[in-house]
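Below is one structure; the comments refer to it alone.
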Amino acid sequence: AGKGKGPERKALSLERTKGSEILFGVAPCWLALAQARRALFRLFLKQSSGSARPLRAEFALQAAARGVPVLHVPGRELDALCRGRPHQGVCLEAAPLPFKSLRDAEEPRKHIRKASGIWRRFAEAREGRAETKIHLDLLLCDTSPFFSPCSCPLTPIVSKASAGAMEVFDVYGTDDLQAFLKAKSAEGWEVVGTVSRPGNVEDVPVISCSEFRWDKPLIVVIGSEGEGLSLETQLRCQRMLAIPPGRALHPGIDSLNVSVAAGILLHSICSQKWRHGD
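Numbering of the sequence shown is given in the numbering used here, commencing with residue 16 and proceeding in unit increments.
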C-alpha cells in the first residue's frame, strides 16, 4: 500500500488565536493590513508560480511591515480556512472589528454638518448580504457614519462583499434605536424613513426622494425588505421617502432589495446636495 507515492504531507494546523476570524479576498485583506484598525495574527497566501506572484509578494511586504507572520499554503488549505468562500488566494487571521460606540465617538460634532446615518433592521440569516453593499454605497457617496444594530456583527462576509469598505471607515452602532432617534430629533437632526408605498404610512408626510433636499444633519432609516419600518419607528420620522418607479409595477413586487434602495436614495440625496453646492 502506498507504493510509488511520496511522503504524505501534513495538513496545516487550523488552530487559530482565540476569538479570531478569517478575512478572505484581496480587497478586505489588503485594506485590513493597510489600515491596521484591528489586531492581525497571520497572513495566508496561496502557493503560486504564476501571474499572481507579484501580488503575493506585495502582500508579504505589507505583512512584514506590520510584523504579521506569512504562511504560503496550498489552495485547499485556504478553502478550509474560509469554508469554501472566494478567497482569491489570500486569507488573513484577525481580531473581529467591533462597532464604535456613539457615546465614545471622538469629537462627534466634527461630522455634524455633513453627517448622514443609515440604519437597517437585518434578518439575522441575511445580515451579510445587504449591509455589505450599503457600506460600499456610503463610501462612494462620502456619507458618514453608518448606524446599524449592534446585533449584526461586522463579519468577514460583510468585509468581502463591501470590497473592503468596512475596513476603511468607522461603523457606529446603537442597541436602542428609538432612544437614539428621539435624542437626535431633539438636537435638530432630521429623521427620514423609507417606504415602498405611500399609502402604507399614517400621519407622516411622504415625498419622492427626487424632491427631498438635504439641508440639515440627517438620519435616513431603512427598514427590512417586505416588512419595512415598524410603526413605532415610522412615527419617529419627520418625513418618509419613496422611490418612484419608472413604470407600473406588478402587484407582486412589494419593495426593492434594501441595498439597491439604499444606493438609489443616497445617490439622489447626495447628488442634489452637490448640485446646489452645499
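The C-beta atom is built at its ideal place from N, Cα and C for all residues, glycine as well. Bear in mind that the values here come from a model prediction, so they are computed numbers and not experimental data.
Taking the alpha helix (DSSP H) that F195 falls in, what are its first and last residues?
Where F195 is concerned, the enclosing alpha helix (DSSP H) stretches over L192 to A201.
Same chain, Cβ closer than 7 Å to G40, neighbours up to 5 away in sequence not counted
P101, H102, Q103, V105 and K175.
For the region 36-78, which segments carrying the beta strand (DSSP E) assignment without a break, of at least 3 residues, lie completely within its bounds, in sequence order?
Entirely contained in the region 36-78, the beta strand (DSSP E) runs reaching 3 residues are, in chain order, 36-39 and 55-61.
Alpha carbon to alpha carbon, what distance is there between A54 and A16?
With a pLDDT of only 45 at A16, under 50, the local geometry of the prediction cannot be trusted, and the value read off the model is given with reservation. Approximately 46 Å, taken between the alpha carbons.
Per-residue DSSP class, three states only, for G90
If DSSP states are grouped into helix, strand and coil, G90 belongs with the helices.
Give the secondary structure of R81 by DSSP, where H, G and I count as helix, E and B as strand, and everything else as coil.
Under the three-state reduction of DSSP output, R81 falls in the helix class.
Which same chain residues, not among the five before or five after L58, have their C-beta less than 6 Å away from its C-beta?
Excluding positions up to five away in sequence, the list reads A78, V83, V85 and L107.
Buried or exposed for A140, please, with buried defined as at least 16 other CB atoms from any protein chain shown within 10 angstroms of its CB.
Caution is warranted here: a pLDDT of 30 is assigned to A140, below 50, making its placement in the model unreliable, and no coordinate value can be reported.
Measure from the alpha carbon of C285 to the alpha carbon of each residue in K231, G261, P89 and C252, then state which is nearest.
The residue from K231, G261, P89 and C252 with its alpha-carbon nearest to that of C285 is K231.
So what does DSSP say about C224, is it helix, strand or coil?
In this structure, DSSP gives C224 a helical state, which the three-state scheme calls helix.
Give the straight-line distance between the Cα atoms of C252 and L196, rounded to the nearest whole angstrom.
Annotation: C252 to L196 spans about 8 Å, alpha carbon to alpha carbon.
Rounded Cβ spacing between I258 and L280 (contact assumed at less than 8 Å):
Their Cβ separation, rounded to whole angstroms, is 7 Å, which keeps I258 and L280 in contact under 8 Å.
Determine the direct distance from the alpha carbon of D190 to that of F114, and round the result to whole angstroms.
The alpha-carbon atoms of F114 and D190 are separated by roughly 11 Å.
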